[in-house]
Amino acid sequence: MSTHTNLAEDALSEEAVEAWLRAHPDFFERHEALLDILKLPHPAGGAVSLIERQIGWLRDKNRQLERKLMDLVQVARENERLSQRMHQLALGLMDADSLDGVLATTQEQLRTEFRADHVVVRLLGDPQRGLHFVGESDTAMQLFEDLFESRRPLCGRLSGEQMSALFPDAPDPVKSAVVVALMDGNRRLGILALGSREDTRFHPGMGTLFLGYLGEIISHAVATRLKA
């Protein structure tokens, strides 16, 4: 009898039991008494019944879902605030009556509404047209060739050479930055750069959707004034 029992136990591997229970999820509904008999180790010590363990697992799962929901709510609120800031920026750029007005509005809005410590706009063109214009051979333009090719905003820590080219006169060290290509169709207009004294203000993991919109709005305003 003992030999027969051992053979039966050997034939039922853990994998086989798991597979059978997965195939018959209603097993414990037909054998509820087993729920009180089966004991599982509890993380805090001792043992609990299967049903108590399941209740604990469901509570933990519920707490995880609550945390995820709160994270989603926070993201939604931040996106709403960003949308409002983008709207205010667009209105300000529409009211600007010149290229200088567009650049001044861009500087003001991005410093106050987007919490950027430094805002830099470099436009391709004859440097004699103004301080914001640089030639094709400008160091910053050459260092960000990949930015124009990909047209995707660059976020986070830049190389020391890139930081120096964008923020040469910054009184405080710029520890994180965002760089966006300004384009008019396939025509390169220049670059927009935002710098921060905080390490984590701009980081590689941040969403680039709104940064893309930001680049498009400013690009349109700049291109319109250049053609005027």
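Under the working numbering, the first residue of the sequence shown carries the number 107, and numbering increases by one thereafter. Backbone N, C-alpha and C fix where the C-beta goes; we use that ideal spot for every residue, glycine too.
I'd like the span of the beta strand (DSSP E) that includes residue i, first residue to last.
{"i": "V225", "result": "H224 to L230"}
Less than 7 Å between the C-beta atoms of residue i and residue j, yes or no?
{"i": "A329", "j": "V226", "result": "no"}
{"i": "G198", "j": "T211", "result": "yes"}
{"i": "A287", "j": "R331", "result": "no"}
{"i": "G266", "j": "H309", "result": "no"}
{"i": "T245", "j": "A271", "result": "yes"}
{"i": "R228", "j": "V240", "result": "yes"}
{"i": "L237", "j": "Q215", "result": "no"}
{"i": "R303", "j": "D223", "result": "yes"}
{"i": "I324", "j": "F250", "result": "no"}
{"i": "L315", "j": "V285", "result": "no"}
{"i": "R294", "j": "L230", "result": "yes"}
{"i": "A283", "j": "G301", "result": "yes"}
{"i": "M269", "j": "V280", "result": "yes"}
I'd like to confirm the pairing. Which residues does DSSP put opposite residue i in its beta bridges?
{"i": "V284", "result": "C261 and L300"}
{"i": "D290", "result": "R293"}
{"i": "F239", "result": "L229"}
At what residues does the alpha helix (DSSP H) containing residue i begin and finish?
{"i": "A271", "result": "G266 to L272"}
{"i": "M312", "result": "Here M312 belongs to no alpha helix (DSSP H), and DSSP marks it neither H nor E."}
{"i": "L127", "result": "E120 to A129"}
{"i": "R217", "result": "L205 to T218"}
{"i": "Q234", "result": "Run containing Q234: none; DSSP gives neither H nor E here."}
{"i": "F134", "result": "F133 to R136"}
{"i": "F254", "result": "E251 to S256"}
By Cβ distance, which residues of its chain are closer than 7 Å to residue i, with the 5 residues on each side in sequence left out?
{"i": "V179", "result": "none"}
{"i": "L127", "result": "F133"}
{"i": "A276", "result": "H224 and G301"}
{"i": "D232", "result": "F239"}
{"i": "L175", "result": "none"}
Residues in its own chain within less than 6 Å of residue i by CB, not counting five upstream and five downstream?
{"i": "Q213", "result": "V225"}
{"i": "N168", "result": "none"}
{"i": "A327", "result": "L199 and V208"}
{"i": "R173", "result": "none"}
{"i": "T111", "result": "The pLDDT assigned to T111 is 48, lower than 50, so where the model puts this residue is not dependable; a value taken from the coordinates is nonetheless given after this. Contacts found: none."}
Cutting at 8 Å between CB atoms, please list the residues of its own chain near residue i, excluding the five before and the five after it.
{"i": "L264", "result": "L272, A283 and V285"}
{"i": "Y319", "result": "M192"}
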